[in-house]
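To start, the structure itself, in structure tokens.
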Amino acid sequence: MNIDYIEKVLVSTFGGRFSIIDKAKILLKFGRTTNADADIKTTIASFQGTEINETFATGNTVDSIVSDDIGDTGPITIEGHTVNLVTGATSFKRTRSIMRAKPFIKWAGGKRRVANHVLERLPKEIETYYEPFVGGGYIFFALAAEKRFENAVIGDTNLELINTYRVIRDDLNDLIRRLTGYQYSKEEYLATRAIDPENLCLQGRAARFIYLNKCCFNGLYRTNKKGQFNVPFGKFKSTPKICDEENLRAVSEVLQGVDIAHDDYKETSWIASSRDAIYFDPPYMPLSKTANFTSYTKDGFTRENQEELAAYFTQCARAQIPVVLSNSTEAKSFYTEHDITLIDGPRSIAGSSVDRKTVKEIIVTGDR
Ligand SMILES: C[S@@+](CC[C@H](N)C(=O)[O-])C[C@H]1O[C@@H](n2cnc3c(N)ncnc32)[C@H](O)[C@@H]1O
Numbered sequence: 012m013n014i015d016y017i018e019k020v021l022v023s024t025f026g027g028r029f030s031i032i033d034k035a036k037i038l039l040k041f042g043r044t045t046n047a048d049a050d051i052k053t054t055i056a057s058f059q060g061t062e063i064n065e066t067f068a069t070g071n072t073v074d075s076i077v078s079d080d081i082g083d084t085g086p087i088t089i090e091g092h093t094v095n096l097v098t099g100a101t102s103f104k105r106t107r108s109i110m111r112a113k114p115f116i117k118w119a120g121g122k123r124r125v126a127n128h129v130l131e132r133l134p135k136e137i138e139t140y141y142e143p144f145v146g147g148g149y150i151f152f153a154l155a156a157e158k159r160f161e162n163a164v165i166g167d168t169n170l171e172l173i174n175t176y177r178v179i180r181d182d183l184n185d186l187i188r189r190l191t192g193y194q195y196s197k198e199e200y201l202a203t204r205a206i207d208p209e210n211l212c213l214q215g216r217a218a219r220f221i222y223l224n225k226c227c228f229n230g231l232y233r234t235n236k237k238g239q240f241n242v243p244f245g246k247f248k249s250t251p252k253i254c255d256e257e258n259l260r261a262v263s264e265v266l267q268g269v270d271i272a273h274d275d276y277k278e279t280s281w282i283a284s285s286r287d288a289i290y291f292d293p294p295y296m297p298l299s300k301t302a303n304f305t306s307y308t309k310d311g312f313t314r315e316n317q318e319e320l321a322a323y324f325t326q327c328a329r330a331q332i333p334v335v336l337s338n339s340t341e342a343k344s345f346y347t348e349h350d351i352t353l354i355d356g357p358r359s360i361a362g363s364s365v366d367r368k369t370v371k372e373i374i375v376t377g378d379r
């Protein structure tokens with residue numbers, strides 16, 4: 012028995028709502044060792060001092076796990092041993108809130124600093140949440156943590172990014188195995204960067220993408236005209252964490268059941284209705300002629316694209332779909348018929364220090 016097996020059983024039986032600590036405790040109670048053991052022990056050690064009591068039978072068999080805050084009940088079977096899950100007692104404190112999923116990559120235009128402005132403008136309850144320019148997905152993960160949507164559709168035109176989301180959702184263990192094989196070194200970085208992702212399997216491609224993102228200069232994503240990633244190696248004082256397994260597991264859990272589209276924003280969101288919500292976070296209108304560092308894909312996002320997006324936003328708002336959009340102030344004139352708020356939004360990734368200064372952003376809300 013190993014942690015993967017336990018996870019499979021728990022996910023198929025209870026929809027994956029168990030934390031790694033719960034799983035680890037079951038595993039350790041069985042007294043078996045696995046490859047994952049060291050990680051599990053480290054995780055548990057980091058929570059020493061947290062009151063986690065559990066009801067287990069003595070010996071090698073887990074008889075029951077008592078949960079005091081969730082309505083899970085019933086027996087589950089792990090390798091022939093029946094584990095009974097009981098609700099209502101107070102002796103077991105669930106630990107599922109220990110890890111909240113957060114963006115697994117650094118991405119230009121990340122919304123951490125302006126998140127509250129966006130979050131407070133989106134509905135409290137959303138049937139299907141659409142984020143068609145998902146990037147690192149800061150808002151998506153924040154809404155997921157608040158359980159504000161029933162379903163979600165995320166999309167982006169960056170194929171490497173979208174493939175990575177899908178692999179995290181569908182084949183996480185393979186991805187983690189690959190990521191743990193990478194080292195932070197310039198030599199390995201350049202060799203990995205030189206590989207054509209088309210020649211890799213989907214999992215290898217996702218691992219390469221995360222590795223390059225963690226080790227490149229400033230977390231930039233930039234390609235040349237041929238679409239080849241060309242960001243230089245990043246020199247960091249402390250070694251970057253290439254495989255953040257705990258967060259990747261939390262991300263994977265959030266992504267279960269989520270539609271992940273490699274498509275243009277309109278294709279991803281045209282089906283939305285008034286019970287849903289769309290958040291648009293397109294590439295910014297450039298600050299200056301030289302500030303085109305965030306091309307994300309080889310095609311870029313032109314002024315014409317910005318105008319088209321504004322027309323689409325208006326169309327959605329008129330159809331009573333809750334819509335929120337963020338952009339740089341340069342795009343303000345396209346949204347004059349809507350409610351616009353100006354906020355300070357530091358641009359956290361930029362090619363030059365001039366562009367890295369604090370700039371005003373706009374948050375546009377559709378009138379409903
Ligand atoms: C400003 S970033 C989004 C940042 C994101 N909100 C975050 O928290 O990291 C814009 C994203 O739009 C994507 N993109 C560019 N053109 C697009 C298009 N036509 N349709 C959908 N996505 C597009 C880029 O690849 C990029 O990931």
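Here the numbering used here is used: the first residue of the sequence shown is 12, the next is one more, and so on. Note that beta-carbon positions come from the ideal geometry of N, C-alpha and C, so glycine has one too.
Could you tell me which of the options sits nearest to residue i, measuring between CA atoms?
i, options, result
"residue 150", "165, 138 and 229", "165"
"residue 268", "199, 142, 135 and 162", "162"
"residue 289", "312, 337 and 244", "337"
"residue 182", "264, 293 and 282", "264"
"residue 160", "215, 287 and 314", "287"
"residue 128", "115, 214 and 154", "154"
"residue 237", "248, 257 and 207", "207"
"residue 255", "184, 205 and 215", "184"
"residue 137", "224, 111 and 158", "158"
"residue 250", "291, 197 and 346", "197"
"residue 246", "257, 318, 225 and 133", "225"
"residue 316", "212, 275 and 112", "275"
"residue 199", "223, 112, 177 and 212", "223"
What's the gap between the Cα of residue i and the Cα of residue j?
i, j, result
"residue 320", "residue 373", "15 Å"
"residue 323", "residue 277", "8 Å"
"residue 80", "residue 355", "Caution applies to residue 80, whose pLDDT of 34 falls short of 50 and renders its modelled position unreliable; the value that the coordinates give is listed next. Distance between the alpha carbons of residue 80 and residue 355: 40 Å."
"residue 193", "residue 332", "44 Å"
"residue 209", "residue 270", "23 Å"
"residue 235", "residue 311", "11 Å"
"residue 46", "residue 179", "In this prediction, residue 46 scores a pLDDT of 44, lower than 50, which makes its location untrustworthy; no coordinate-derived value is stated."
"residue 353", "residue 131", "15 Å"
"residue 103", "residue 314", "Legend: pLDDT at residue 103 = 31, less than 50; position of this residue unreliable, value from coordinates given subsequently. Roughly 57 Å between the two C-alpha positions."
"residue 1", "residue 295", "Lying outside 12 to 379, the shown extent of the chain, residue 1 is not represented and no answer is given."
"residue 116", "residue 285", "31 Å"
"residue 167", "residue 292", "11 Å"
"residue 242", "residue 202", "13 Å"
"residue 252", "residue 326", "43 Å"
"residue 261", "residue 156", "10 Å"
"residue 214", "residue 175", "8 Å"
"residue 465", "residue 169", "Past the boundaries of the shown model lies residue 465; the chain is included only from 12 to 379, so the question cannot be answered."
"residue 244", "residue 171", "18 Å"
"residue 228", "residue 248", "13 Å"
"residue 204", "residue 240", "7 Å"
"residue 344", "residue 279", "25 Å"
"residue 371", "residue 349", "18 Å"
"residue 142", "residue 133", "12 Å"
"residue 281", "residue 328", "12 Å"
Can you tell me where the alpha helix (DSSP H) holding residue i begins and where it ends?
i, result
"residue 221", "213-226"
"residue 256", "256-266"
"residue 336", "Looking at the DSSP string, residue 336 is not in any alpha helix (DSSP H); the run it does join, the beta strand (DSSP E), is 334-339."
"residue 342", "Here residue 342 belongs to no alpha helix (DSSP H), and DSSP marks it neither H nor E."
"residue 127", "126-130"
"residue 150", "149-156"
"residue 324", "314-329"
"residue 198", "197-205"
"residue 232", "Careful: residue 232 lies outside any alpha helix (DSSP H) and carries neither H nor E."
"residue 277", "276-280"
How far does the beta strand (DSSP E) with residue i in it extend, from its first residue to its last?
i, result
"residue 349", "Unbroken run through residue 349: none, as it is neither H nor E."
"residue 173", "No beta strand (DSSP E) holds residue 173; the alpha helix (DSSP H) holding it covers 170-181."
"residue 165", "160-167"
"residue 137", "137-142"
"residue 272", "270-273"
"residue 288", "288-291"
Ligand 1 and residue i: does the residue's C-beta get closer than 6 Å to at least one heavy atom of that ligand?
i, result
"residue 294", "yes"
"residue 276", "yes"
"residue 144", "yes"
"residue 118", "yes"
"residue 149", "yes"
"residue 238", "no"
"residue 241", "no"
"residue 258", "no"
"residue 168", "yes"
"residue 312", "yes"
"residue 122", "yes"
Next on the checklist: Three Cβ pairs or more, each shorter than 8 Å: is that satisfied between the segment 146-156 and the segment 121-130?
Outcome noted: yes
Checklist entry - Counting pairs of beta carbons, one from the segment 211-230 and one from the segment 182-189, are three or more of them closer than 8 Å? => result yes
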